[in-house]
Structures are given as C-alpha cells and as structure tokens.
Amino acid sequence: MLGALATPAAAQSKRYPPRQVDKDAEAAAKSDLWNAAITPERHPYQDLVHAAKEALNQRTFDHTTEAIGKLDEAVQLLPREPEAYRLRGDAYYERREWAKCAADFAAAVTYTQRDDEPAHVMAALRRKLGVCQGHAGKLAEAEQTLTEAVTSAAVSGGGVGETWMHLGEVRIALGKLDEAIAALRSSLDANEPGAPAMTRFLLAEAYDRARRPADAAIEAATAVGLDKSLSLLFNPAMPALGNGDYDYMLGLAFAVEPARPEFTLAYFRRYARSAPDSPWRKRAEEHIREIKATAFPEQVAHVGTAPVDPAVVRVAARRVMPQLRACLGKLPTTVVEVEIVKDGPRTPADDRSRPHVFMKPEGVIVHRAVGELSDDQLVAIEACIKPFATRIAMPAVKDRDTYYQASFYVVAP
1373 MLGALATPAA AQSKRYPPRQ VDKDAEAAAK SDLWNAAITP ERHPYQDLVH AAKEALNQRT
1433 FDHTTEAIGK LDEAVQLLPR EPEAYRLRGD AYYERREWAK CAADFAAAVT YTQRDDEPAH
1493 VMAALRRKLG VCQGHAGKLA EAEQTLTEAV TSAAVSGGGV GETWMHLGEV RIALGKLDEA
1553 IAALRSSLDA NEPGAPAMTR FLLAEAYDRA RRPADAAIEA ATAVGLDKSL SLLFNPAMPA
1613 LGNGDYDYML GLAFAVEPAR PEFTLAYFRR YARSAPDSPW RKRAEEHIRE IKATAFPEQV
1673 AHVGTAPVDP AVVRVAARRV MPQLRACLGK LPTTVVEVEI VKDGPRTPAD DRSRPHVFMK
1733 PEGVIVHRAV GELSDDQLVA IEACIKPFAT RIAMPAVKDR DTYYQASFYV VAP
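Each step along the sequence shown adds one to the number in the working numbering, with nothing skipped, and position 364 is 1736.
#1: Rounding to the nearest angstrom, what Cα-Cα distance links Phe1606 and Glu1657 in this structure?
#2: Between which two residues does the alpha helix (DSSP H) containing Lys1714 stretch?
#3: Which residue from Leu1549, Arg1431, Asp1649 and Ser1603 puts its Cα closest to that of Ala1582?
#4: Measuring CB atoms only, is the stretch 1766 to 1783 touching the stretch 1661 to 1673, in the sense that at least three cross pairs come out at less than 8 Å?
#5: For Glu1711, which of Val1736, Glu1662 and Val1687 has the nearest alpha-carbon?
#6: If you draw a straight line from the C-alpha of Arg1499 to the C-alpha of Leu1560, how long is it?
#7: Report the residue from Met1537, Ala1475, Glu1413 and Lys1664 whose alpha carbon sits nearest the alpha carbon of Lys1510.
#8: Assuming Ala1638 and Thr1705 make a contact with CB atoms under 8 Å, what is their CB distance in whole Å?
#9: Which term fits Thr1594, buried or exposed, when burial requires 16 or more other beta carbons within 10 angstroms of its beta carbon?
#10: What are the partner residues of Tyr1775, as DSSP defines its beta bridges?
#11: Measuring straight from C-alpha to C-alpha, what distance separates Val1769 and Val1713?
#12: Would the stretch 1596 to 1611 count as touching the stretch 1570 to 1588 if we require 3 or more Cβ pairs under 8 Å?
#13: Go ahead and label Ala1409 buried or exposed: buried means 16 or more other beta carbons lie within 10 angstroms of its beta carbon, across all protein chains shown.
#14: According to DSSP, simplified to helix, strand and coil, what is Phe1668?
#15: Quick one: what does DSSP say Ile1553 is sitting in, helix, strand or coil?
#16: Determine the closest residue to Val1687 out of Asp1619, Arg1763, Arg1642 and Thr1719, with distance taken between C-alpha atoms.
#17: Is Asp1771 buried or exposed, if buried means 16 or more other CB atoms sit within 10 Å of its CB?
#18: Alpha carbons only, please: which of Ala1741, Gln1505 and Gly1540 is nearest the one belonging to Thr1636?
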C-alpha cells in the first residue's frame, strides 16, 4: 500500500523539478539579517529616513521642520550613515541655513564610501557643499571643495558648467579675479543650457573689478541680450556671495545700450551703501563720480498719435533737471519716471463728425522706477516735481485729436 502511494509522488517530483535557489537573493537576505542582528538601529533608522523623505516631498515649512526632526533622530541612531545627513543638508539648503547645510553635506561626503555612489552623485553633493560653505563665509574651504567637485563633474559629465560658475563666484569673493575669470570662461566652455546668462553677469563683474571695462561691457551686453528683463538679477535663485553684488551687476547691466545712467547711478549707490567695507566700494564710487557728470536726461521715450522730436524734449528737460533732481535729494538710491502728456486741439464733443480716438489727459505723472518708496513719499515727490515739469517747453501738437506722451527718468543729484 505504501509502495503504491509512493509511485505518484515520485512521478510528480520529476514532472515539477524543485525551484532553483537564488543565491544572490539568499546572500542578501542573510546580509540583511546579519546587519539587523549587529545593528538593531538600522530598521528604525530606515523608517525615520523614509518618513523624512515623504515629509520633504510636501515642500512646506512645517513638513520640512518635521523632516528635520526625524533626521535628527536618525543621525543619533547611526551617526556614521550618510543618507540622513544628505537629506537634512538638502532641507537646510532650501531654508538657506548655510552653516548647517555645510556641516551636513561635509558629513555626508565623509561617510559615503567611494564605491557606494556614482561620480555624478558625488559631484552634485560636493557642489552643494561648496555653495553652502561659500554662503557660510568659509570661502577658502568652498574654493577647495568646488575645485574637487569640478574634477568629479568632469568625470561624470554632468553639472560641470554650473560647478565652474560657483567656483568663479567664490573666487570673485576671494578677490582672485584672474582665477575667477578663468573659472567662468570654463563654465561657458561647458555649453550647458541655462547657465550662460548668469555666468556672463559674473564675468562682467569680475572684468570690471579687474579694471577691464571694455571686456566688462561686452559681457554685460551679452548677458542682457540673454536676459532682457534682468530677472536673474531682480529675482535671483540664490543670494549673492558678496553684499550688494546683484546691485553691482545691475549697475553694469544698465550701463550698456540702451544705457540708462539714472539706473546705473542708483544701483552703484545702493551697492556702496550695502557694502561699506567691500574692497570694491572704491570701484563703485568711481562709477558714481563718472555718471554724476552726465547731462540728464540722456534719453527720452515717446508714444502716442502725434509726432515729437525727442531731442527737443531732451534739451527742454535739461533746463529744469536740477530742480527735478533736487526733489529726490534725500533719496539717493531712488529713480522716478516723469511722463508728460501733450494734446492737440480737440473736435467738440457735440460734433457728429468727431472721430472716436483714444486721448490721454494732458498733464504730468510720476511713477516709481527704482527704490523703496511709500505712497506718501511718492505723493510728496510728485507734488515737488509737477510745478517744474509743467515749465518744460514741450513741442506743441498741431494735428487735431492727437497726442503724445514723452517720458524720462530723474535721479537724485
């Protein structure tokens, strides 16, 4: 009876051979079991890291705070594991807490084994570390870190242009202008999309401080051509390493054609005010002295349905410009725009042949252009400017039902 029962079982075992053992999976399972036995903290560490990742993905201040708390616990559990440091460094990077992100990224680099991560990951980690060190005021360390990151990025083929750009910015802050120019040129040579405009603004700054104004003008003009709204300087993704450096670059940007010397003067004044101890303040003051000799306004813009010669308006405006500028005497970093509207003779409203045309009311309007102005300050400036602006001998409009609007800028003396 037993022999009869054994026969089908034997046949079945031949028909369905036993499943092959995955030796790699078995080894990994044994390794995980062994790691869990010798480091019981690993599972709670991984749970905390996973929860922190989910919180960071929410991208809110409160969730980031929650993630940092979980990563604090993870670091306490396994202080030689790099992942929690890296994630916490990213959180501090987003919050612009530079000293903290520098410390965390440095720990992540230290505890990451050479073969654990591909070259491009390590290059990005070192780049972030260098940026944090630079903004934390550790410029020499930042230069060394970014030099290493350039090598890693060159090997991996990713982010090398951005890394060279950050290295160039650090070297400008260190006063190593020739080395900065070389690094920024290398950034351009990398041909990476998105970087050239900011790199050229930085090059303009480096050339200007190195007293190479012709090269600075070329780079500033190229940068403005790539970023016509100057959004990289007005709304930068990162703070500048040096106090007021974006104001310095804006001064250079407004100096290229079509030049707006009123803006250049205001921005270099802003730089001199925000960076009183900078070694480049004297260079900014040279620009200020040079621009103050300008016969304002240099340019007059005009729109409307009636022709007007801007040169005639410019000459007329210059006669009262000292009085107009005196209205801003206590606001040296402010620029306002003055608009003057002139109308031609109008067809009576009851005339049925009167064409339907858009006409702006004749008068003087003052707008903010540069600088922080309260509504009360703007009202006071307008009240000061209007009496003088109305004295400007504006060309008459001859054609019926037409107008022009001429505008120019005014900056403090």
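Positions of the beta carbon are idealized from the N, C-alpha and C atoms, including for glycine. In this text the structure is predicted, and so the values were computed from the model without any measurement.
So, from the listed chains and residues:
#1: 22 Å
#2: Here Lys1714 belongs to no alpha helix (DSSP H); instead the beta strand (DSSP E) covers Val1707 to Asp1715.
#3: Leu1549
#4: yes
#5: Val1736
#6: 17 Å
#7: Ala1475
#8: 5 Å
#9: buried
#10: Asp1715
#11: 10 Å
#12: yes
#13: Reliability fails at Ala1409, whose pLDDT of 49 lies under 50, so the model's placement of it is uncertain and the value that follows must be treated cautiously. By the 10 Å Cβ count, Ala1409 comes out exposed.
#14: coil
#15: helix
#16: Arg1763
#17: exposed
#18: Ala1741
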